[in-house]
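Engineer: These protein sequence lines map, in sequence, to chains G and X.
Just so you know, our numbering puts 343 at position 343 of the first sequence, and the rest follows in order with no gaps.
If you want our numbering, it's the 1-based position in the second sequence plus 1000.
Think of the CB as a built atom: it goes at the ideal place given N, C-alpha and C, for glycine as much as any other residue.
All of these numbers come straight from a predicted model, not from anything done at the bench.
There's a structure below that I have some questions on.
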Amino acid sequence: MEMIRRAGNWLFLVMEKQLNAIFGNENNPLYHLGTLSFFFFWVILGSGIYLFVPFETSVAHAYQSVEYMTHQQWWLAGIMRSLHRYASDAVVITIFLHLLREFSRDRYRGVRWFSWFTGIPTLWLVVLLGISGYWLVWDMLAQYVALGTAELVDWLPLIPSSMILNFLDGQVSDRFFTLMAFLHLLGIPIGLVFMTWTHVSRISHVKVMPPRVLAIGSMLALLVLSLLKPAISHEAADLSKAPMTLHIDWFYLNIYPFIDRFGPALGWAFSAGVTLLFLLFPWLPTRKDPPPAQVVLANCNGCGGCARDCPFGAASMQPRSDGRRNTLFESVIDPSLCTACGICLGACTTANPFRLRGETLTVGIDMPGYTLDRMRQETDRALQGLIGERGVLVFGCQRGADLEQLCAADTAVVRLPCAGMIHPSFLDYVLRNGAGGVVVTGCREGDCYFRLGNWLVEERMAGSREPHMHKRVERERILVVWAGSGDEALLQGKVAAFRQERLG
Amino acid sequence: MKSAFRYLLQALFYTAFCGVIYYFSTAPRYQYLEADKSEIMVAFKHPTKRKAVCHERTAEELQKLPPNMRRPQDCPRERAPLAMRFSLDGQIVAQKTFQSPGIHQDGAVFVYAKFFIPAGDHRFKVEMRDSMQEGFDFTLEQPISFKPGQMLLVSFDENSDTFTLK
């Protein structure tokens, strides 16, 4: 499993690097697979609402109404139909890549199991939505899908009625057809909205729209495809005929040729087996996360920074329980949501290395696995070993570029769980204690392992987000470089240029 | 990288993305039925006969039962399996046995089968056994001209106890 994951991760890193060069990090499609899936869903929804207007939900007229849309009103309804079809296919690609990428990045285990676990049934609903959509055209492909589905359903021993009897010549009723239309138009979409909401319910700062450039590009691409290769139907369904050559949508209908060949029992066994396997992935094997953040109530001033910045909604502000009068709230951590990224520490107004209380640096919220005090000790040690006026201290994320290659007499490194753990005052602390410059580095821009690290660091550096950096800090002595695994040369180059140009 | 070149590469990326979408949304094509074949589909529901016949309980047997369960007849619920055999020009092309569903195996059998045959003129025979007797209880044999791509639906009419072909 580990080998597959590493290979997948390497492959994604290579592809992402190429796409970063083409699209720029902020618009890299691989960094926005989730939001692209949402976007395609909005396209499907919008085009579907339009198609519902001219669509006839009766067996006798469904096909004619679709043909009317495709040929007579091709310039609007036809394009809408094609957009509906191609956006549905696109969403399968983006969801599948999203799933592969999260697996490769190891972002599906530990406390992050929930999003993975709820994502699998979501994929099922997407497939069911697509399949039910193919029924509504009521052409030979729809007939093939309807009979195949009935064969699958009838195999289930728990369902006493025989679905296939509804599809025999002269037996298809408007009532049954309307039921299918209801499922496609309302039933399954509602289920899908609920599941996607559940899927993202354990993360904060959820985005449901990709960057505008990417949305426009994807939309234009689908529009061009719809104009060049409009979606068309097979001939009308005829239950006295067997379908012969079918142009199957393999994104959705791949199960049907499978059951033609191997039967419904194996079809169910395969689908259920794959689903179960994917559902169990977070525990194959399970991962032990570092201990979650801990609130030190005596030091917590209730500023709310942790709750505001936590990417997983693990921190929340609740009424004060210790009777302290100068603040109404205290931070509370839900350990089942905490990924131990340390971003809360970087957001905490008390996480200031200049603040001393006895020998140990105390803070309102701390990471038992990597305390603020340890961070300062490591920083102090690194500063002591730094030689020369142009010495640079690098704060780097453990998941980004390999920092080992940077270590030299004039370059010291402090490794953190996430770049977002750095409180801005730490940079001030480093510069005031002998370093010529300070570098903050972490995962590639837009690809933070903990979702928001890059963004939060940028916001804090820019002063648009608390905690702010002191005005006296010389900004030109600070460099932020986003460099992921494999970007070591880029990082070295940037640090060398920084030293030469700004610290010279 | 220069802007124009980047836009060109972006366009290529979108083209490849759409190419994958278009190709797999319609291809490779799937041949469900060869051009010279026809399909026979069998689908109907039929309650088979009981496996064992009812027997009259003796006075002694009745006496052993609680008063509220003293029915004069003892009728086992289990029904016989349903066997079907299809022949074309004297050659058996398919045969299948279906068990009665339910915990007591007393439900109506749902018969579903499909198979492909060469198109053309054939002598088609369908046989069905729904009891525990030897041989077949119902038989239909007739010449049929199968057109390529035709789907022949075989079902069983409960009222007339005869096969229907559509």
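Give the list of continuous beta strand (DSSP E) stretches no shorter than 3 residues that lie fully inside the region 273-355 of chain G.
Structural biologist: Segments of the beta strand (DSSP E) lying fully in the region 273-355 of chain G: 315-319 and 329-333.
Engineer: Roughly how many whole angstroms lie between the Cα atoms of Leu-1140(X) and Phe-1086(X)?
Structural biologist: Cα-Cα distance, rounded: 10 Å.
Engineer: Is there a Cβ from chain G that is less than 8 Å from the Cβ of Lys-1045(X)?
Structural biologist: For Lys-1045(X), the answer is yes, since a Cβ of chain G falls inside 8 Å of its Cβ.
Engineer: Give the straight-line distance between the Cα atoms of Asp-1074(X) and Val-1053(X), rounded to the nearest whole angstrom.
Structural biologist: Cα to Cα, Asp-1074(X) sits roughly 9 Å from Val-1053(X).
Engineer: Tell me the rounded alpha-carbon separation between Asp-289(G) and Leu-337(G).
Structural biologist: The alpha-carbon atoms of Asp-289(G) and Leu-337(G) are separated by roughly 11 Å.
Engineer: Mind listing the chain X neighbours of Asp-487(G)? Cutoff is C-beta to C-beta under 8 Å, in chain order.
Structural biologist: Going along chain X, no residue has its Cβ under 8 Å from Asp-487(G), so there is no contact; the nearest lies around 16 Å.
Engineer: Between Met-1084(X) and chain G, is the shortest Cβ-Cβ distance under 8 Å, so that the two count as touching?
Structural biologist: Taking Cβ atoms only, chain G never reaches closer than 8 Å to Met-1084(X), which makes this a no.
Engineer: Mind pulling the chain X residues with CB within less than 7 Å of Gly-217(G)?
Structural biologist: Within 7 Å Cβ-Cβ: Gln-1010 and Tyr-1014.
Engineer: Can you pull out the residues from the region 77-90 of chain G whose beta carbon lies closer than 8 Å to at least one beta carbon of chain C?
Structural biologist: Included in the structure are the protein chains G and X, with no chain C among them.
Engineer: Using the C-alpha atoms, what's the distance from Gln-1105(X) back to Trp-209(G)?
Structural biologist: Per the sequence presented here, residue 209(G) reads as Met, with Trp not at that position. For Met-209(G) and Gln-1105(X), the distance between alpha carbons rounds to 55 Å.
Engineer: If you measure from the beta carbon of Gly-1149(X) to each beta carbon in chain G, is any gap under 8 Å?
Structural biologist: Yes, Gly-1149(X) counts as interfacial toward chain G.
Engineer: Using C-beta distances below 6 Å, list every residue in its chain close to Phe-55(G), excluding the 5 sequence neighbours before and after it, in chain order.
Structural biologist: Hits under 6 Å: Ser-65.
Engineer: Report yes or no: do the region 67-82 of chain G and the region 28-44 of chain G share at least 3 C-beta pairs separated by less than 8 Å?
Structural biologist: Output reads no: the region 28-44 of chain G does not touch the region 67-82 of chain G.
Engineer: Would you call the CB atoms of Asp-154(G) and Val-59(G) closer than 8 Å?
Structural biologist: In this structure, Val-59(G) does not lie closer than 8 Å to Asp-154(G) by Cβ.
Engineer: Can you check whether the CB of Phe-177(G) is closer than 8 Å to the CB of Thr-57(G)?
Structural biologist: Taking 8 Å as the Cβ cut-off, Thr-57(G) and Phe-177(G) qualify as a contacting pair.
Engineer: So that I know if they touch, is there some Cβ in chain X lying closer than 8 Å to that of Met-244(G)?
Structural biologist: Yes, Met-244(G) counts as interfacial toward chain X.
Engineer: Step through the CB atoms of chain X and report whether any lies within less than 8 Å of the CB of Trp-283(G).
Structural biologist: Output row for Trp-283(G): interface = no.
Engineer: Would you mind giving the Cβ-Cβ distance between Ile-343(G) and Pro-292(G), rounded to the nearest angstrom? I have them listed as a contact below 8 Å.
Structural biologist: With 8 Å as the limit, Ile-343(G) and Pro-292(G) do not qualify as a contact, their Cβ atoms being about 13 Å apart.
Engineer: Kindly give me the distance between the Cβ atoms of Leu-393(G) and Val-438(G), rounded to whole angstroms, as I take these residues to be in contact under 8 Å.
Structural biologist: Indeed they touch by this definition, with Cβ atoms about 5 Å apart.
Engineer: Whole-angstrom Cβ separation of Arg-465(G) and Glu-474(G), contact assumed at under 8 Å?
Structural biologist: Their Cβ separation, rounded to whole angstroms, is 20 Å, which puts Arg-465(G) and Glu-474(G) out of contact at 8 Å.
Engineer: At 9 Å on the CB atoms, spell out the chain G contacts of Cys-1018(X), in chain order.
Structural biologist: Per Cβ cutoff of 9 Å: Tyr-86, Ala-90, Ala-221, Leu-222, Val-224, Leu-225, Leu-228 and Lys-229.
Engineer: Less than 8 Å between the beta carbons of Val-172(G) and Val-126(G), yes or no?
Structural biologist: Contact: no.
Engineer: Considering just the uninterrupted stretch of the alpha helix (DSSP H) at Thr-122(G), what are its terminal residues?
Structural biologist: Run containing Thr-122(G): 113-136, per the alpha helix (DSSP H) assignment.
Engineer: Arg-444(G) and Asp-487(G) look like a contact to me (Cβ under 8 Å); what is the Cβ gap, rounded to whole Å?
Structural biologist: Sure, about 7 Å apart at Cβ, within 8 Å.
Engineer: What first and last residue would you give for the alpha helix (DSSP H) that runs through His-84(G)?
Structural biologist: Looking at the DSSP string, the run of the alpha helix (DSSP H) that includes His-84(G) is 79-104.
Engineer: I want to verify the contact list: residues of chain G whose CB lies under 7 Å from the CB of Ile-1117(X), in sequence order.
Structural biologist: The premise fails here: Ile-1117(X) is roughly 11 Å from chain G at the closest Cβ pair, so nothing lies under 7 Å.
Engineer: Please report whether the beta-carbon of Trp-42(G) lies at a distance below 8 Å from any beta-carbon of chain X.
Structural biologist: Trp-42(G) does not count as touching chain X.
Engineer: Is the CB of Asp-447(G) under 8 Å away from at least one CB in chain X?
Structural biologist: Answer no: the Cβ-Cβ gap between Asp-447(G) and chain X never drops below 8 Å.
Engineer: Looking only at DSSP bridge pairs, what is Lys-1125(X) linked to?
Structural biologist: Paired residues: Ser-1087(X) and Glu-1141(X).
Engineer: Could you work out which residues of chain X lie near Lys-494(G), taking near to mean beta carbons separated by less than 7 Å?
Structural biologist: Result: empty, since nearest Cβ-Cβ is about 18 Å, beyond 7 Å.
Engineer: Which chain G residues sit within Cβ distance under 8 Å of Thr-1026(X)?
Structural biologist: Near Thr-1026(X) (Cβ distances below 8 Å), the residues of chain G are His-247, Ile-248 and Asp-249.
Engineer: For Asp-366(G), is the classification buried or exposed, using 16 other Cβ atoms within 10 angstroms of its Cβ as the cut-off for buried?
Structural biologist: It counts as buried.
Engineer: Alpha helix (DSSP H) containing Thr-149(G): first to last residue?
Structural biologist: Start and end: 140-155.
Engineer: If I measure Cβ to Cβ from Ala-1059(X) and keep anything under 8 Å in the same chain, skipping five residues before and after, which residues do I get?
Structural biologist: Excluding sequence neighbours, Ala-1059(X) sits near nothing in its chain.
Engineer: List the residues that DSSP assigns as beta-bridge partners of Met-1182(X).
Structural biologist: Chain X is shown from 1001 up to 1166; residue 1182(X) falls before or after that span and cannot be answered.
Engineer: Go ahead and label Tyr-1023(X) buried or exposed: buried means 16 or more other beta carbons lie within 10 angstroms of its beta carbon, across all protein chains shown.
Structural biologist: Flag for Tyr-1023(X) reads exposed.
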